[in-house]
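K.L.:
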Ligand SMILES: Cc1cc2nc3c(=O)[nH]c(=O)nc-3n(C[C@H](O)[C@H](O)[C@H](O)COP(=O)(O)OP(=O)(O)OC[C@H]3O[C@@H](n4cnc5c(N)ncnc54)[C@H](O)[C@@H]3O)c2cc1C
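In full-length UniProt numbering, the protein residues as written are 1 to 369.
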């Protein structure tokens with residue numbers, strides 16, 4: 001069985017790793033030319049029941065514990081005047097919750113766990129055609145080809161594999177802008193203090209300014225706005241961003257001023273909740289390719305759990321990959337739908353006119369009945 005995984009993100013690499021542990025080889029085709037081509041973004045909190053479970057199946061728990069930052073779970077919610085509405089501090093050193101890990105570190109951890117030739121870098125899939133005798137022929141940018149018996153689309157939001165299975169297309173849900181403040185403790189100690197070791201959200205009416213501490217000492221600054229039709233270039237100037245936060249406490253907007261380099265805007269997209277497809281032999285999807293959700297803390301966790309579940313199904317019955325894929329898909333559809341519904345609700349709450357009150361309620365533990 002030749003398994004081709006398109007996309008060497010967290011989902012695709014987790015799948016390759018767990019298959020490898022079961023003695024099943026897979027080729028990962030990744031469009032980036034090498035592992036450091038992109039910064040990979042901020043940090044993630046891995047949940048015990050999903051992301052951490054997948055890492056356990058991958059045999060990487062110990063490495064995760066040595067790299068993760070439980071203190072990164074600390075979070076603060078402030079209003080535009082700089083008043084602290086919520087300040088959550090995790091129990092020092094406890095791994096009981098959802099420890100943070102930088103995306104780059106997590107991806108490296110997965111890459112390092114694979115045989116060196118598993119990932120074919122610089123392979124951007126442009127088309128996948130069914131072969132008359134079963135399986136698929138993959139065509140890559142630059143004219144290269146490969147054949148496979150099982151094709152897994154782990155190629156993210158704009159998946160090229162997805163149209164083999166469904167007509168569902170993503171639509172915009174919010175506008176995100178990011179900036180990075182390098183070496184924050186030394187260069188911007190006041191901002192380092194403001195953000196703390198984890199996450200800071202400053203919540204106004206239909207806009208959020210956030211700061212996230214990374215393990216390399218930088219702060220990733222984020223701005224979340226409702227989706228709009230404006231040209232993304234509008235958001236490439238710090239001046240324009242500062243205008244969006246006019247009247248906010250200057251200690252908060254200093255996060256924008258301190259950004260190194262120009263702001264990077266991006267439109268976050270989602271697939272319709274409940275996207276599913278009739279089973280088609282020899283091909284499936286996982287992660288964002290299957291169920292792109294609002295970016296509120298579940299996407300990577302679910303992508304990794306998809307990978308663990310699919311790998312377990314394939315390993316349990318390698319002689320009948322279609323039965324394994326069918327079982328994986330049914331379970332994945334049922335698991336993801338309520339999570340996607342919850343993410344849509346949280347996203348709407350975060351960018352609502354009453355977001356600050358709603359978030360405080362959301363993060364304030366209710367007294368036990
Ligand atoms: C701002 C932001 C914050 C987020 N925060 C969180 C969080 O805190 N917690 C959480 O769980 N999730 C979070 N998410 C969601 C999370 O990033 C995604 O759900 C997760 O990365 C999905 O993993 P994946 O492997 O499916 O796809 P991806 O991580 O997108 O990986 C896809 C890979 O496929 C490659 N690729 C794409 N097209 C092709 C092609 N044609 N050929 C070959 N390779 C291709 C890409 O280069 C990439 O390496 C966040 C998302 C955003 C935007």
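Quick reminder that beta carbons are idealized off the backbone N, C-alpha and C, glycines included.
Hey, residue 308 and residue 54: beta-carbon distance below 8 Å or not?
P.N.:
It is a contact, given that the beta carbons lie within the stated cut-off.
K.L.:
Which word fits residue 93, buried or exposed, when buried means at least 16 other C-beta atoms lie within 10 angstroms of its C-beta?
P.N.:
It is exposed - the Cβ of residue 93 has fewer than 16 other Cβ atoms within 10 Å.
K.L.:
Which partner residues of residue 29 appear in the DSSP bridge assignment?
P.N.:
Answer is 6 and 120, bridged to residue 29.
K.L.:
Could you check where the beta strand (DSSP E) with residue 108 kicks off and where it finishes?
P.N.:
Element bounds for residue 108: not the beta strand (DSSP E) but the alpha helix (DSSP H), 103-112.
K.L.:
Any idea if residue 306 is buried or exposed, counting beta-carbon neighbours within 10 angstroms, 16 or more meaning buried?
P.N.:
The residue in question, residue 306, is buried, as its Cβ has 16 or more Cβ neighbours within 10 Å.
K.L.:
For residue 245, which of helix, strand or coil comes out of DSSP?
P.N.:
Three-state result, residue 245: coil.
K.L.:
Ligand 1 and residue 160: does any heavy atom of the ligand fall closer than 7 Å to the residue's C-beta?
P.N.:
Within the cutoff, so yes.
K.L.:
Hey, residue 124 and residue 141 are a contact pair by Cβ (cut 8 Å); roughly how many whole angstroms apart?
P.N.:
Yes, residue 124 and residue 141 are in contact; Cβ-Cβ is about 4 Å, under 8 Å.
K.L.:
By how many angstroms is the C-alpha of residue 313 removed from the C-alpha of residue 16?
P.N.:
Between residue 16 and residue 313, the C-alpha separation is close to 13 Å.
K.L.:
Can you give me the start and stop residues for the beta strand (DSSP E) that residue 171 sits inside?
P.N.:
Unbroken beta strand (DSSP E) run through residue 171: 171-181.
K.L.:
Using the Cα positions of residue 79 and residue 60, report the straight-line distance between them to the nearest angstrom.
P.N.:
Looking at the two C-alpha atoms, the distance is approximately 39 Å.
K.L.:
Any heavy atom of ligand 1 inside 7 Å of the beta-carbon of residue 301?
P.N.:
Yes, the Cβ of residue 301 comes within 7 Å of a heavy atom of ligand 1.
K.L.:
Regarding residue 31 and ligand 1, is the C-beta to nearest heavy atom distance less than 7 Å?
P.N.:
Under cutoff, so the answer is yes.
K.L.:
Should residue 72 and residue 198 be called a contact, given that it needs their Cβ atoms to be closer than 8 Å?
P.N.:
Taking 8 Å as the Cβ cut-off, residue 72 and residue 198 qualify as a contacting pair.
K.L.:
By a C-beta neighbour count over all protein chains shown, 10 Å radius and 16 as the cutoff for buried, is residue 369 buried or exposed?
P.N.:
With a pLDDT of only 47 at residue 369, under the threshold of 50, the placement of this residue in the model should not be trusted, and no figure is reported.
K.L.:
With hydrogens ignored, establish whether the beta-carbon of residue 123 is closer than 7 Å to any heavy atom of ligand 2.
P.N.:
Absence of ligand 2 is noted for the structure shown, with ligand 1 being the only ligands found.
K.L.:
Based on the DSSP secondary-structure assignment, which residues constitute the bridge partners of residue 266?
P.N.:
Partner(s): 176.
K.L.:
Measure from the alpha carbon of residue 101 to the alpha carbon of each residue in 36, 66 and 76, then state which is nearest.
P.N.:
It is 66 whose Cα lies nearest to the Cα of residue 101.
K.L.:
Can you tell which of 49, 89, 64 and 11 has its C-alpha closest to the C-alpha of residue 76?
P.N.:
Answer by Cα proximity: 89.
K.L.:
Per the DSSP calculation, residue 322 is bridged to which residue(s)?
P.N.:
DSSP output for residue 322 lists no bridge partner at all.
K.L.:
Residues in its own chain within less than 6 Å of residue 160 by CB, not counting five upstream and five downstream?
P.N.:
Within the same chain, residue 160 has close Cβ partners 125.
K.L.:
At the level of alpha carbons, what is the spacing between residue 285 and residue 273?
P.N.:
For residue 285 and residue 273, the distance between alpha carbons rounds to 15 Å.
K.L.:
Using DSSP with H/G/I as helix, E/B as strand and the rest coil, what is residue 130?
P.N.:
DSSP places residue 130 in strand when its eight states are reduced to three.
K.L.:
Indicate the three-state DSSP secondary structure (helix, strand or coil) for residue 98 in the structure shown.
P.N.:
In the structure shown, residue 98 sits in coil (DSSP, three-state: anything other than H, G, I, E or B).
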